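Note that our numbering has the sequence shown beginning at 203, numbered continuously upward. Every residue, glycine too, gets a C-beta built ideally from N, C-alpha and C. All values derive from a computational prediction rather than experimental measurement. Reading through the structure tokens given below for one structure.
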Amino acid sequence: MNKSILIIGACGQIGTELTLKLREINGANQVIASDIKEGNKELMQSGPFEFINAMDYNSIEKIIEKYAINEVYLMAAMLSATGEKYPAKAWELNMNSLFNVLNIAKEGKIKKLFWPSSMAVFGPSTPKENTPQETIMEPTTVYGISKQTGERWCEYYFNKYGVDVRSIRYPGVISWRTNPGGGTTDYAVEIYHEALLKGEYTSFLKKETKLPMMYMDDALEATIKIMDAAPETIKIRSSYNLAAISFTPEEIAAEIKKEIPEFKISYNPDFRQTIADSWPKSIDDSRARKDWNWNHTFDLKKTSEIMLENLRLKYNLP
Ligand code: SER
């Protein structure tokens, strides 16, 4: 059967690149991008686009019927930092959008669903190094609480109603095409832009704050891999730990200095420091590696080289 895919939240950081990648693989017309706002030119010009409010069940259902969609990727969410400013709104968006697609799947209107979770499901009482798949989870951010709750509901819909929902706990994702928005790991993208444009960057996290991160292409690879895997290989129906690299602001700055020797970093931690301090420093993702052959490709050095090279081109810098 031909895949007919709907991406909800296609204009965000991961949604944009996921849409482009899925269009490359499946053909542009098989992949419908949707969001409440328009995306960048590349996204809008590369295939079909529909306006969808992820909190509105009827508007999702209408588009699913219109294009005979069989797979949905729900990428719309309010992330950790913005979520702390608007807790009620974050809860409403993150939970209602998930229930909408879970219920659509339960009614048999789609065959498969991808929903991203996050390392934010962990909290201050979780073991920080090599955080296991199953461990203490007491998240302290609204975003983390919504992702943990969402994981429970995904597993529930799989067990109770046979909904084929698949999920991974993304670490911070680093990319140059589209900016992240409202996350605690956003510094690891901003730093490259400002290094090139200003030669300096003030980090909102302390220099020794180590967090799990991943280059975008690895995140896309994992997403597509888990969705393509045979259903019986998906042994975890809440969400899989996923990891690639871990580094601190000081370490990423040192990597940038190798290419831009005059680059300067300073530190001015804000409320996002508390969020970062509650998260793991490194993650054990051996279950994903074993169950559906996940493997990462990009280390910090390679990530930095690609980021600087592509942003130089984007900004027309020598
Ligand atoms: N990148 C996310 C955030 O910082 C973590 O999932 O909120």
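Roughly how many angstroms separate the alpha carbons of Arg439 and Asn495, rounded to a whole number?
Looking at the backbone, the Cα of Arg439 and that of Asn495 are separated by about 16 Å.
Taking 8 Å as the threshold (C-beta atoms), are Thr351 and Met339 in contact?
No, Cβ-Cβ distance for Met339 and Thr351 is not below 8 Å.
Cα separation between Ile306 and Ile271?
11 Å
Which value, in whole angstroms, describes the spacing of the CA atoms of Lys427 and Ile238?
27 Å
Cβ contact (3+ pairs, closer than 8 Å) linking the region 280-298 and the region 247-259:
Yes: the two stretches touch, three or more of their Cβ pairs being nearer than 8 Å.
If the criterion is Cβ atoms closer than 8 Å, does the pair Gly401 and Glu452 meet it?
no
For Gly285, does the three-state DSSP call read helix, strand or coil?
The three-state reading of DSSP puts Gly285 in helix, counting H, G and I together.
What distance in whole Å lies between the Cβ atoms of Ile447 and Asp501, which are believed to be in contact at a cut-off of 8 Å?
6 Å
Range covered by the beta strand (DSSP E) that runs through Val391
No beta strand (DSSP E) contains Val391, which is instead part of the alpha helix (DSSP H) from Tyr389 to Leu399.
With a threshold of 7 Å on Cβ separation, who are the neighbours of Ile266 within its own chain once the five nearest residues in sequence on each side are excluded?
Within the same chain, Ile266 has close Cβ partners Leu208, Ile306, Lys311 and Ile312.
Contact test: Gly249 Cβ vs the ligand SER heavy atom, cutoff 7 Å
No, the ligand SER has no heavy atom inside 7 Å of this Cβ.
Can you check which of these residues, Lys291, Leu422 and His395, is closest to Glu226 by C-alpha distance?
Leu422
Let me confirm a value: Lys243 is counted as buried when at least 16 other C-beta atoms fall within 10 Å, else exposed. Which label applies?
It counts as exposed.
Rounded to whole angstroms, how far is the Cβ of Tyr442 from the Cβ of Ile370, which I believe are closer than 8 Å?
5 Å
Beta-carbon proximity check, Ala456 vs Ser484, cutoff 8 Å
no
List the endpoints of the continuous alpha helix (DSSP H) containing Ile271.
Where Ile271 is concerned, there is no enclosing alpha helix (DSSP H), given that its DSSP letter is neither H nor E.
Check the C-beta distance from Pro318 over to Lys408 and give it rounded, since I have them as a contact under 8 Å.
That pair is no contact at about 27 Å.
Out of Ser261, Ile393 and Asp420, which has the shortest C-alpha to C-alpha gap to Leu510?
Ile393
Please name the residue in Pro250, Asp487, Tyr358 and Asn302 whose C-alpha comes closest to that of Pro373.
Asp487
Excluding the 5 residues flanking Ile462 on each side, which residues of the same chain have their C-beta closer than 6 Å to its C-beta?
Ala397
Can you tell me whether Lys349 is helix, strand or coil according to DSSP?
Three-state DSSP puts Lys349 in a helix.
Assign Gly526 to one of two classes, buried (16 or more other C-beta atoms within 10 Å of its C-beta) or exposed (fewer than that).
As shown, the chain starts at 203 and ends at 520. That puts residue 526 outside it, with no answer to give.
Examine the ligand SER and report whether any of its heavy atoms sits within less than 7 Å of the Cβ of Tyr417.
no
Which of helix, strand or coil does DSSP assign to Lys243?
helix
For Ser282, which residues from the same chain have a beta carbon less than 6 Å from its beta carbon, with the 5 sequence-adjacent residues on both sides left out?
Ala322, Thr343, Tyr345, Gly385, Thr386 and Ile477
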